[in-house]
Structure formats: C-alpha cells, structure tokens
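Taken in order, these protein sequences are the chains called A and B.
Okay, so the first sequence: first residue is 25 according to the numbering used here, each after it adds one.
Okay, so the second sequence: first residue is 25 according to the numbering used here, each after it adds one.
We put the beta carbon where it would ideally sit given N, CA and C, even for glycine.
2 protein chains.
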Amino acid sequence: MLRNGLVLDSLPMDSNSPLYESVRRHYLFAGLDEPDFEQLAVAMKVRELDQGEVLFHRGDPAHSFYFVDTGLIELSLISATGDKKTLEVVNPGRTFGEAVTFMLEVKYPVTAEALQPSRLCEIPNRGFLDMLRTNRDACMRLLADLSRHLHARVREIENLSIQNARHRLSSYIMDHIVDAPGGDQATARLELPRHVIASRLSIKPETLSRLLRSLADE
Amino acid sequence: MLRNGLVLDSLPMDSNSPLYESVRRHYLFAGLDEPDFEQLAVAMKVRELDQGEVLFHRGDPAHSFYFVDTGLIELSLISATGDKKTLEVVNPGRTFGEAVTFMLEVKYPVTAEALQPSRLCEIPNRGFLDMLRTNRDACMRLLADLSRHLHARVREIENLSIQNARHRLSSYIMDHIVDAPGGDQATARLELPRHVIASRLSIKPETLSRLLRSLADE
DNA sequence: AGACCGCATTGATCCAGGTCAAGGACGTTC
DNA sequence: GAACGTCCTTGACCTGGATCAATGCGGTCT
Numbered sequence: 025m026l027r028n029g030l031v032l033d034s035l036p037m038d039s040n041s042p043l044y045e046s047v048r049r050h051y052l053f054a055g056l057d058e059p060d061f062e063q064l065a066v067a068m069k070v071r072e073l074d075q076g077e078v079l080f081h082r083g084d085p086a087h088s089f090y091f092v093d094t095g096l097i098e099l100s101l102i103s104a105t106g107d108k109k110t111l112e113v114v115n116p117g118r119t120f121g122e123a124v125t126f127m128l129e130v131k132y133p134v135t136a137e138a139l140q141p142s143r144l145c146e147i148p149n150r151g152f153l154d155m156l157r158t159n160r161d162a163c164m165r166l167l168a169d170l171s172r173h174l175h176a177r178v179r180e181i182e183n184l185s186i187q188n189a190r191h192r193l194s195s196y197i198m199d200h201i202v203d204a205p206g207g208d209q210a211t212a213r214l215e216l217p218r219h220v221i222a223s224r225l226s227i228k229p230e231t232l233s234r235l236l237r238s239l240a241d242e
Numbered sequence: 025m026l027r028n029g030l031v032l033d034s035l036p037m038d039s040n041s042p043l044y045e046s047v048r049r050h051y052l053f054a055g056l057d058e059p060d061f062e063q064l065a066v067a068m069k070v071r072e073l074d075q076g077e078v079l080f081h082r083g084d085p086a087h088s089f090y091f092v093d094t095g096l097i098e099l100s101l102i103s104a105t106g107d108k109k110t111l112e113v114v115n116p117g118r119t120f121g122e123a124v125t126f127m128l129e130v131k132y133p134v135t136a137e138a139l140q141p142s143r144l145c146e147i148p149n150r151g152f153l154d155m156l157r158t159n160r161d162a163c164m165r166l167l168a169d170l171s172r173h174l175h176a177r178v179r180e181i182e183n184l185s186i187q188n189a190r191h192r193l194s195s196y197i198m199d200h201i202v203d204a205p206g207g208d209q210a211t212a213r214l215e216l217p218r219h220v221i222a223s224r225l226s227i228k229p230e231t232l233s234r235l236l237r238s239l240a241d242e
C-alpha cells in the first residue's frame with residue numbers, strides 16, 4: 025500500500041485533523057504556545073496499526089514516543105521462555121514511551137502491541153527534548169508525569185509481592201466499575217480479552233476463570 | 025538530647041562539613057552555581073538515625089527528600105497483614121524520595137527505615153522546586169533520574185512476574201559480585217541481613233536459606 | 001448446514017515456595 | 001561459663017496457582 029513512495033501507515037500529521045487537536049490538548053502539550061506546538065507538530069507522524077501488530081519490541085532503539093488516538097496499545101514484558109507479562113494497556117488520549125527519552129540506553133524497555141486496530145501519533149524525542157529545554161512548565165508537567173508513572177509501578181510491585189491473585193483480581197474489578205447505582209450493587213465491564221486481563225494480573229487464564237467463578241459465587 | 029531547644033538529630037548543615045561537599049557533588053546538584061546551591065543548602069538539615077529507626081512511614085506527608093551520607097536506608101512496602109517487601113536499599117552517596125516532590129498527593133509511597141546507624145541530609149522539596157524552575161539543566165538531570173528509577177521498577181516487575189525465586193537470587197548474587205579474578209570464580213558479598221535480602225527478593229528467609237544451599241551445591 | 005478455529009471453561013494433577021516447629025550458632029550480659 | 005536473645009538453618013508438611021488435557025461455545029468460511 026504505497027502512495028507517492030510513502031507507506032500509508034505512517035503519514036505526516038495534518039494540522040487540521042481532529043488528531044492534531046487531541047494531541048494539542050494532551051497535558052504534556054496543553055501549556056505550549058501555538059508556535060512552539062506547531063514546531064513540534066510538523067515532525068509528528070500518524071501511524072495506523074492492525075490488531076495484533078507490534079509497534080516496537082523491547083530493546084528496539086527508541087527515537088519517538090506515542091499518543092494513542094484510537095484503539096488500545098498493550099505494553100508488555102516477554103521472557104526468554106516466551107511468557108508475557110502485560111504491564112499496562114494504554115487507552116486513547118494517553119501517551120506512552122515518553123520516559124525513555126531520558127534514558128542513557130535509548131532502548132524501549134517494553135514491547136508495544138496493538139490489541140485493536142489503532143491510530144497513533146508518533147512524536148520524535150528530538151524535538152520534544154529541544155522544546156523541554158526552553159519550556160520550564162512543560163518540564164514540570166513531565167516530571168509530574170514520570171512521578172505518577174513511578175508511583176503506579178510501585179503499586180504494581182506491591183500487588184505482585186504482597187497480594188495474592190484473588191486480591192489482585194478484586195482490585196482490578198474495583199478499578200473497572202462502570203456504574204455504581206445508589207444500592208450496593210455495581211457493574212464492572214471487563215472489556216479486554218481474558219488472556220490480556222490474566223497477563224495484566226500475572227496469572228494464567230485458567231486461574232482467572234476459576235477466580236472469577238469463585239468471586240461470582242459470593 | 026536537647027541543646028538550645030534543638031533536637032540533636034536534626035541540625036542545620038554546616039557549610040564547612042564534609043557532608044556539605046558530598047551533597048554538593050551529587051549529580052542532581054553538581055551543575056549548580058555556588059550561590060544557587062548555597063541558597064538550597066541553608067534549608068538543609070542533618071539527620072542522625074539509630075539502627076532500626078523509621079524516618080517516615082508510607083502515607084506520611086512528604087516535605088523533603090534525603091541524601092544518604094553514611095549508613096543504609098531501606099525503602100519498603102508493608103501490607104495490612106504486616107508482611108514487608110523491601111523495594112530498595114539506599115547506599116551512601118544516593119538520594120531517595122525525590123520523585124515524591126511532583127506527586128499530586130504529597131505522601132511518601134514507601135516506608136524508610138535505617139538498617140544501620142545512618143547520617144542523612146534532609147532537603148526540603150520547596151526550595152528544590154524553586155531551584156528547578158530556574159535551572160533547566162537540573163530539570164533535565166532530574167528527568168533522567170526519574171526515568172532511571174522507573175526503568176528499575178519495570179525490571180523489578182519483570183523479576184517478580186516472569187522469573188522464579190531461584191533466578192531472582194542468582195541475579196541478585198551476580199549484581200553483588202565484589203571481585204572477579206582472572207579465572208571463572210568470583211566472590212559475592214551478601215552484606216545485608218538475610219531477612220532483608222529475602223524481602224528484597226520477595227521470598228521468605230527459609231526459602232533464601234534453602235536456595236543458597238542449593239546454589240552452593242553446584 | 002457442516003467444518004473449522006480461536007477463545008474460555010473445567011477437571012485432574014503437580015510443584016515452588018510458604019508455614020510451622022525444632023534445632024544450631026553466635027554474641028552479650030551477669 | 002551459664003543463661004539469654006537474635007538470627008540462621010533444617011525438616012515436615014501444606015497450599016495457591018501452574019500445568020496438562022479435555023470439552024464447550026460462538027464466530028466465520030465454504
């Protein structure tokens with residue numbers, strides 16, 4: 025699928041597109057002057073991914089980070105024996121990979137794969153770094169962003185090391201409650217495929233199935 | 025132990041002390057102009073901790089971060105049932121708690137306890153934040169610092185979720201090799217009390233003991 | 001419709017690591 | 001040096017979750 029020598033799944037971003045506006049409103053960019061943002065935006069690319077397509081593997085050289093416009097992106101670790109641990113599933117409106125910009129070894133520490141057909145905005149580290157050097161507010165926002173990520177990882181470590189699988193699942197369900205009507209019943213939507221939820225919780229699909237039944241029996 | 029109404033274990037930092045120089049050389053401050061650093065330094069305090077003394081608990085309001093001059097500080101998570109998970113043991117020359125400065129909820133996400141009698145330098149967040157706002161290089165160094173921390177946590181999650189206890193222990197030993205003479209033998213020093221190493225590896229002391237024997241039998 | 005396929009459930013069994021309890025092996029105090 | 005406390009090791013057993021192997025259950029392709 026080529027047009028004028030360009031791969032269709034990686035196109036410059038049109039400054040009139042809704043995607044442009046979405047990125048513009050992201051908290052990492054929201055405080056920028058229009059010219060500053062435009063300068064960044066000219067280097068951004070639109071990436072379309074099929075379901076199951078891998079955007080990058082762990083260890084790949086990292087020159088960009090990404091904003092999710094539509095779809096779902098799974099960030100995971102994969103062991104030598106092929107076991108996969110889902111670290112995070114990134115929803116539309118959020119970015120991922122921005123922390124890598126500052127690492128000495130500029131390699132992605134995780135693998136990113138589309139769980140659904142997805143549209144991303146690719147943001148080159150280079151221009152972003154240049155922008156940060158002149159924009160203290162953006163710097164502070166990014167510090168807050170990294171700090172939040174760090175805290176989320178600490179909570180994950182806590183879950184893995186001092187909570188059992190049952191507890192992890194019930195927290196997960198609590199975090200995904202969709203409507204909480206007045207009474208004491210609530211509905212949680214488990215949108216993701218079971219095997220992704222299982223990996224997110226560091227358990228096997230069989231165990232997830234059994235735990236769900238056992239929790240439902242209460 | 026009072027003198028002039030001051031608690032002896034929390035004194036202003038003397039600008040001629042060796043501690044002053046150590047903090048000065050830390051990478052978060054090394055790039056600062058002398059006046060900038062001095063302005064920060066006047067608000068710093070020296071803290072002496074006994075072995076076993078807790079500096080702060082998880083959830084305590086966080087107004088400062090710390091530089092370790094001597095001793096060892098354990099950062100840990102403690103579950104409702106009293107189980108403890110050691111996240112990290114901070115050595116002299118390193119800082120901890122700096123990431124909390126940027127969190128919305130300004131509470132320590134971990135508990136800090138002295139494993140040995142320790143001397144720390146307490147650095148108030150306030151002045152540090154002010155300094156960052158005017159010093160882009162310090163900002164960039166801190167971004168790199170947080171990014172490195174984040175990566176370390178990701179590796180920890182990987183260890184916990186896709187490696188078994190035996191593998192975690194051998195990585196730990198590898199990371200603590202002290203001298204590697206020409207041949208294929210090396211010596212690792214396991215300085216810390218066994219129960220701390222066990223908690224660091226998220227296993228019980230009994231299991232650590234058994235695994236050490238089993239690895240030694242090879 | 002039937003054949004096929006990828007995902008979820010269920011059952012049977014296994015095993016890494018936890019738990020509980022009983023010794024060592026030290027250093028400290030009297 | 002006896003008594004004590006603390007930390008480490010060892011043994012016997014238990015259990016949460018993994019593994020292996022069927023079986024069910026929609027989709028979708030022909």
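{"Check": "Counting only Cβ pairs nearer than 7 Å, list the residues of chain A close to phenylalanine 126/B.", "Outcome": "Leu167, Ala168, Ser171"}
{"Check": "How is arginine 213/B classed by DSSP in three states: helix, strand or coil?", "Outcome": "coil"}
{"Check": "State the beta-bridge partners of alanine 138/A as determined by DSSP.", "Outcome": "Ile97/A"}
{"Check": "Short check: CB of alanine 162/A to CB of leucine 56/A, under 8 Å?", "Outcome": "yes"}
{"Check": "Would you say leucine 214/A and alanine 189/A are within 8 Å of each other, going by their C-beta atoms?", "Outcome": "no"}
{"Check": "When the Cβ atoms of the segment 168–178 of chain A are set against those of the segment 86–102 of chain A, are three or more pairs found closer than 8 Å?", "Outcome": "no"}
{"Check": "Along the chain, where does the beta strand (DSSP E) that runs through proline 36/B open and close?", "Outcome": "34–36"}
{"Check": "Out of Tyr132/B, Tyr90/B, Lys108/B, which one is the CA nearest neighbour of arginine 118/B?", "Outcome": "Tyr90/B"}
{"Check": "Rounded to the nearest angstrom, what separates valine 70/A and glutamate 230/B at their Cα positions?", "Outcome": "54 Å"}
{"Check": "Please report the straight-line C-alpha distance between leucine 73/A and alanine 104/A, rounded to a whole angstrom.", "Outcome": "26 Å"}
{"Check": "Compare the C-beta of cysteine 163/A against all C-beta atoms of chain B and say whether one is closer than 8 Å.", "Outcome": "yes"}
{"Check": "For a test of the three-state rule: what should DSSP assign to tyrosine 132/B, helix, strand or coil?", "Outcome": "coil"}
{"Check": "Kindly indicate which residue of Asn149/B, Glu77/B, Val113/B, Val130/B has the alpha-carbon position closest to the one of proline 141/B.", "Outcome": "Glu77/B"}
{"Check": "Do three or more CB pairs link the segment 147–166 of chain A to the segment 116–130 of chain A at distances below 8 Å?", "Outcome": "yes"}
{"Check": "Output, in chain order, the set of chain A residues within a Cβ distance shorter than 8 Å of aspartate 107/B.", "Outcome": "Ile186"}
{"Check": "Just reading off the alpha helix (DSSP H) that threonine 158/B is part of, what are its end residues?", "Outcome": "149–158"}
{"Check": "Taking Cβ-Cβ distances shorter than 8 Å, what residues in chain A pair up with isoleucine 181/B?", "Outcome": "Leu101, Lys109, Leu111, Arg177, Glu180, Ile181, Leu184"}
{"Check": "The beta strand (DSSP E) with arginine 71/A in it runs from where to where?", "Outcome": "69–73"}
{"Check": "Give the interface partners of proline 148/B over in chain A, defined as CB-CB distance under 7 Å, in chain order.", "Outcome": "Going along chain A, no residue has its Cβ under 7 Å from proline 148/B, so there is no contact; the nearest lies around 17 Å."}
{"Check": "Look up glutamate 77/A in the DSSP assignment and say whether it is helix, strand or coil.", "Outcome": "coil"}
{"Check": "Taking the alpha carbon of serine 195/B as the reference point, which residue from His87/B, Leu239/B, Leu167/B, Phe120/B has its own alpha carbon closest?", "Outcome": "Leu239/B"}
{"Check": "For glycine 106/A, count the other beta carbons within 10 Å of its own beta carbon; 16 or more makes it buried, fewer makes it exposed. Which is it?", "Outcome": "exposed"}
{"Check": "Following the continuous beta strand (DSSP E) through glutamate 112/B, name the residue where it begins and the one where it ends.", "Outcome": "108–114"}
{"Check": "Suppose you measure from the CA of isoleucine 181/B to the CA of valine 202/A; what does that come to, to the nearest Å?", "Outcome": "28 Å"}
{"Check": "Check the Cβ-Cβ distances between proline 85/B and every residue of chain A, and say whether any is below 8 Å.", "Outcome": "no"}
{"Check": "Rounded to whole angstroms, what is the Cα-Cα separation between alanine 138/A and leucine 139/B?", "Outcome": "45 Å"}
{"Check": "If you follow the alpha helix (DSSP H) that aspartate 241/B is part of, which residue opens it and which one closes it?", "Outcome": "Neither: aspartate 241/B is in no alpha helix (DSSP H) and is coded neither H nor E."}
{"Check": "Quick one: list the residues of chain B neighbouring serine 226/A, beta-carbon separation under 7 Å, in chain order.", "Outcome": "Ser185"}
{"Check": "Does any CB atom of chain A fall closer than 8 Å to the CB of asparagine 134/B?", "Outcome": "Residue identity differs from the one stated: residue 134/B is valine in this sequence, not asparagine. Yes - at least one Cβ of chain A is within 8 Å of the one on valine 134/B."}
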